[in-house]
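Protein chains in written order, with this note's numbering: chain A, 1 to 321; chain B, 322 to 608; chain C, 609 to 861. Below is one structure, written out as structure tokens, with a few remarks after it.
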């Protein structure tokens, strides 16, 4: 894909999401908002999986924790303040990730996958088994966060359009920030770790610290997504932390192609579209989803985004042999 | 806790731990020998339990159900290895995770299509339906003791298979060096097929014999899968002995966690895991 | 002995029942190319791994500029000034030559935590990387992707990466392996040049290169130091002859 075509594609997508609330129905606007939130979620995981080479299978924990923070900070008959609750939710998600990262980053490979899953499951049980957040029934967020600053309210998140654009701004900020981070010194260290960790150690990098930092940042950004998700749907359940959620976000990252964040966005929207499409068709939509996943791994190594390159390369390869 | 309740909980812990061992041992062998992370392993436990339910409903007898169910499970394992897992050995962990995650969705929905989403019970076989009286008010069901005994026999059988037989030798060799085994002229693909089918059968068998005590419900495989992961992490990948010890530890942590701190029972197991990670990140029995 | 940059005293490493290194002592001096030779399985790679911190010794200690560094992890030793290369090329394949070396140079930044400033715009780091690339003679290749380069060029790149970390002690594990005669000669020439203000330990099988370039040679057999001294001394040693009996490379000289 040429650079100019890439830019064109990005601008086209941006124009589409900007115009959408004015042309699409309320239902589809909410669906696109959901896609944008999941895009944030998937991008945060891409920082671990695609950039740093850490396959975390427990990323939903940080998403869910932040959503619960919003729910718990929202009083029963009143809205929580956006400018207070959002930073707190993100901070808590990041701190939980820091704590979990402290343990899980002592392991590698298959162990890492299993241990991240296990710790996420532990977080799941905390909310599922205790009364902290309404137990297995979940908890309502009765009011959308209020954006008031000292009596002045710049926008009202009760308005679906305002909420939509707030989510869009968050998604763009996360995309821009992560792109920038990848190009930074820190980002190049993470990529070095992905590619060859022992070499990074031999060159004097204390890789554990960098991985831990990446893990905490990814957790905090997943928290942004979880917070917005809770705000959008007004409801938080332990299922937000479930391993299906962790599996789904991993699926989004891989479907779209890893390591450049744009792929994660594409994967998130592809996932939402697939979910809607299959669910409209049958109650057993997970069967079709599962079959698509199995088929994609067997027949499409490298993800959807690798498809054009594969199609292009194939004839040449066979000509060589 | 008085002595009799303590005894009962101890027996429960051992029985639960041994059951988990059946699932985890297959998982750890498949990890250790083929290098495949199989998220769908818990599904085999679920499939086993539902097979027991369906076959008991047809035949009216758990033994007949086992007799039919075990070969079916082995066949399923062999089929899956041949059709899917064989293609995963050289792929990276990420693709293995994804494909086996997809398989979970497929298995759960197929189960839902075939047998519905209801919770079912399976009757304890009549000859084991008695209870042993331990005090005036407390007694212990014989069937649970039978489960423990069967699991112990299987663990011994597994030990003999791995350490005393030719195929066990091949398994252990494959565990260490695939190229070497192939250079010796051993058909590694057949070993993989056997190991995988064995793992599936053990997990499904655990589900079948657990059905009368745990009831049969959707999602039962996931719970067992994650506990099995914890067991493999604690015991060390590829170590069947480690899996046995870790499974008993988890059985005790879970059972006594539920008795002593009911509100936080789900957490006990993970705290044990966190402690082991601090102490030996590669598992207790990984040299 | 006082001018030794790196000194190992009585290093021992056991793997289960096997003793890979037993009571190994050697010292690396500034301005000296020190070769470590011996038959396969003699424990040379273990020795390098002990010095670089990739393995922890079962006994013995390591002094760097007089300071005991036995307890330091590999990345801490690298920061102290000990650099190494690996037996198999160990570079970042998808990156360009420049990016590889830049990453090595960046490791000397006290704060590599910059998350906003673009990495490629760090002038001081870039200059250090360019200098290291020029020193090994890869300047013309700086933009190439490493995965597409020849084996010999990758080994040169590894040297550049070690240089970019400003290491004063360089540990090279078979840098000539798999190289053609001409490439080997160039590499030996490079190593000689680098020795001026550094100490180099070279594990190598190519005896012609070793005798041509090294000032000191240590011969290891079965995990122990058999003989250590100037090339003439090693050539004259009866013990070394015996250990290498049947191995043409030494005997035919």
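Glycine included, C-beta positions come from ideal geometry on N, C-alpha and C. All values reported here derive from a predicted model rather than from experimental measurement.
**Study point:** Cβ of residue 847/C within 7 angstroms of any chain A Cβ
**Key:** For the purposes of this step, residue 847/C is taken as the residue at position 239 of the third chain. Not closer than 7 angstroms to any Cβ of chain A, the Cβ of residue 847/C fails to qualify, so no.
Check your understanding: Which runs of the alpha helix (DSSP H) spanning at least 4 residues fall entirely within the region 81-126 of chain A, listed in chain order?
Key -> 82-104
Practice item. Measure the C-alpha to C-alpha separation of residue 743/C and residue 768/C and round it to an integer number of angstroms. Key: Within the third chain, the letter at position 135 stands for residue 743/C. Within the third chain, the letter at position 160 stands for residue 768/C. If I take the Cα positions, the gap works out to 7 angstroms.
Check your understanding: With DSSP run on the structure shown, which of helix, strand or coil describes residue 675/C?
Key -> One-based indexing of the third chain puts residue 675/C at position 67. Three-state DSSP puts residue 675/C in a strand.
Review point. Helix, strand or coil for residue 762/C per DSSP?
Key: Here residue 762/C refers to the residue found at position 154 of the third chain. DSSP places residue 762/C in helix when its eight states are reduced to three.
Point to revise | residue 690/C - partner residues in DSSP beta bridges | key: Taking the third chain and counting its residues from 1, one reaches residue 690/C at position 82. According to DSSP, which records beta bridges pairwise, residue 690/C is partnered with 777/C.
Practice item. Use the C-beta contact count for residue 685/C: other C-beta atoms within 10 angstroms, 16 or more gives buried, fewer gives exposed. Key: To locate residue 685/C, count along the third chain from 1; it is residue 77. Buried: at least 16 other Cβ atoms inside 10 Å.
Review point. So, does the CB of residue 113/A fall closer than 7 angstroms to a CB anywhere in chain B?
Key: One-based indexing of the first chain puts residue 113/A at position 113. Cβ-Cβ to chain B under 7 angstroms: yes for residue 113/A.
**Study point:** Coarse secondary structure for residue 838/C, derived from DSSP in three states
**Key:** For the purposes of this step, residue 838/C is taken as the residue at position 230 of the third chain. Residue 838/C: coil per DSSP, three-state reduction.
**Study point:** Contacting residues, own chain, Cβ-Cβ under 6 angstroms from residue 424/B (five flanking each side not counted)
**Key:** Sequence index remark: in the second chain, residue 424/B carries index 103 (1-based). Closer than 6 angstroms at Cβ, skipping near neighbours: 361.
Check your understanding: Cα separation between residue 138/A and residue 65/A?
Key -> Residue numbering aside, residue 138/A sits at position 138 when the first chain is read from its first letter. Residue numbering aside, residue 65/A sits at position 65 when the first chain is read from its first letter. Straight-line Cα distance between these residues: approximately 12 angstroms.
Exercise for review: Run the CB neighbour count on residue 729/C, radius 10 Å, all protein chains shown included, and call it buried at 16 or more, exposed below.
Suggested key: Walking along the third chain from the start, residue 729/C turns up at place 121. Exposed: under 16 other Cβ atoms inside 10 Å.
Review point. Any idea if residue 806/C is buried or exposed, counting beta-carbon neighbours within 10 angstroms, 16 or more meaning buried?
Key: Your numbering for residue 806/C matches position 198 in the third chain. So residue 806/C counts as buried.
Check your understanding: CA-CA distance, residue 842/C and residue 670/C?
Key -> Counted from its first residue, the third chain places residue 842/C at position 234. Counted from its first residue, the third chain places residue 670/C at position 62. Residue 842/C and residue 670/C: Cα-Cα distance of roughly 25 angstroms.
Check your understanding: So does the region 46-63 of chain A actually touch the region 244-262 of chain A, counting three or more Cβ pairs closer than 8 angstroms?
Key -> yes
Check your understanding: With 7 angstroms set as the bound, which would you pick, yes or no: does the beta-carbon of residue 59/A sit closer than that to a beta-carbon of chain B?
Key -> On the first chain, residue 59/A is found 59 positions in, with the first residue counted as 1. No, residue 59/A lies away from the interface with chain B (no Cβ there is under 7 angstroms from its Cβ).
Practice item. Would you verify that the beta carbon of residue 245/A is, or is not, closer than 7 angstroms to some beta carbon of chain B? Key: Your numbering for residue 245/A matches position 245 in the first chain. Chain B, which has no Cβ nearer than 7 angstroms to the Cβ of residue 245/A, makes this no.
Check your understanding: Does residue 700/C get closer than 7 angstroms to chain A when you measure Cβ to Cβ?
Key -> Position 92 of the third chain, counting from 1, holds the residue named residue 700/C. For residue 700/C, the answer is yes, since a Cβ of chain A falls inside 7 angstroms of its Cβ.
**Study point:** residue 454/B, enclosing beta strand (DSSP E) - first and last residue
**Key:** Residue mapping note: residue 454/B aligns to position 133 of the second chain, counting from 1. Where residue 454/B is concerned, the enclosing beta strand (DSSP E) stretches over 452-454.
Check your understanding: Do you know how far the Cα of residue 636/C is from the Cα of residue 688/C?
Key -> Position 80 of the third chain, counted from the first residue, corresponds to residue 688/C. Position 28 of the third chain, counted from the first residue, corresponds to residue 636/C. Spanning the two alpha carbons is a distance of roughly 15 angstroms.
Check your understanding: Looking at the unbroken beta strand (DSSP E) that takes in residue 815/C, where does it start and where does it end?
Key -> In the third chain, the residue the question calls residue 815/C occupies position 207. Note, residue 815/C: premise wrong, no beta strand (DSSP E); alpha helix (DSSP H) at 815-821.
Review point. When DSSP builds the beta bridges, which residues end up paired with residue 627/C?
Key: Residue mapping note: residue 627/C aligns to position 19 of the third chain, counting from 1. Answer by DSSP bridge pairing, in chain order: 622/C.
Point to revise | Beta-carbon gap between residue 699/C and residue 762/C smaller than 7 angstroms | key: Residue mapping note: residue 699/C aligns to position 91 of the third chain, counting from 1. Residue mapping note: residue 762/C aligns to position 154 of the third chain, counting from 1. For residue 699/C and residue 762/C, yes; Cβs fall inside 7 angstroms.
Review point. Which of the three DSSP states, helix, strand or coil, is assigned to residue 191/A?
Key: Locating residue 191/A in the first chain gives position 191, counting from the first residue. Residue state, collapsed to three classes: helix.
Exercise for review: Verify the CB distance criterion: does residue 737/C have a CB-CB separation below 7 angstroms to chain A?
Suggested key: As a first step, residue 737/C is located in the third chain; it is residue number 129 there, counting from the start. Not closer than 7 angstroms to any Cβ of chain A, the Cβ of residue 737/C fails to qualify, so no.
Check your understanding: Which partner residues does residue 538/B have in the DSSP bridge list?
Key -> Locating residue 538/B in the second chain gives position 217, where the first residue counts as 1. Paired residue(s): none; residue 538/B is not in a bridge.
**Study point:** Length of the line joining the Cα atoms of residue 358/B and residue 839/C
**Key:** If you number the second chain from 1, residue 358/B lands on position 37. If you number the third chain from 1, residue 839/C lands on position 231. So the alpha carbons of these two residues sit roughly 53 angstroms apart.
Review point. For residue 264/A, which of 277/A, 210/A and 41/A has the nearest alpha-carbon?
Key: If you number the first chain from 1, residue 264/A lands on position 264. Measuring from the Cα of residue 264/A, the nearest candidate turns out to be 41/A.
Review point. Thinking C-beta only, is residue 223/A closer than 7 angstroms to residue 70/A?
Key: For the purposes of this step, residue 70/A is taken as the residue at position 70 of the first chain. For the purposes of this step, residue 223/A is taken as the residue at position 223 of the first chain. No, these two residues do not count as a Cβ contact at 7 angstroms.
Review point. Excluding the five sequence neighbours on either side, which residues of its own chain have a C-beta within less than 7 angstroms of the C-beta of residue 640/C, listed in chain order?
Key: The residue labelled residue 640/C in the question sits at position 32 within the third chain. These residues qualify, in order along the chain: 803, 807, 823 and 824.
Review point. Which residue comes first and which comes last in the alpha helix (DSSP H) that contains residue 462/B?
Key: Here residue 462/B refers to the residue found at position 141 of the second chain. Here residue 462/B belongs to no alpha helix (DSSP H); instead the beta strand (DSSP E) covers 460-462.
Review point. Under the three-state reduction of DSSP, which class applies to residue 130/A: helix, strand or coil?
Key: As a working mapping, residue 130/A is identified with position 130 in the first chain. Residue 130/A: coil per DSSP, three-state reduction.
Review point. Considering residue 824/C, what are the terminal residues of the beta strand (DSSP E) in which it resides?
Key: Against the third chain, residue 824/C aligns to sequence position 216. Element bounds for residue 824/C: 824-829.
Practice item. List the residues of chain B that residue 252/A touches, going by C-beta distances under 7 angstroms, in chain order. Key: For the purposes of this step, residue 252/A is taken as residue 252 along the first chain, with counting starting at 1. None at all; the shortest Cβ gap to chain B is about 11 angstroms.
Check your understanding: Would you call the region 514-521 of chain B and the region 394-402 of chain B in contact, with 3 or more CB pairs under 8 angstroms?
Key -> yes
**Study point:** Local conformation of residue 208/A per DSSP, three classes
**Key:** As a first step, residue 208/A must be located in the first chain, where it is residue number 208. Residue 208/A: helix per DSSP, three-state reduction.
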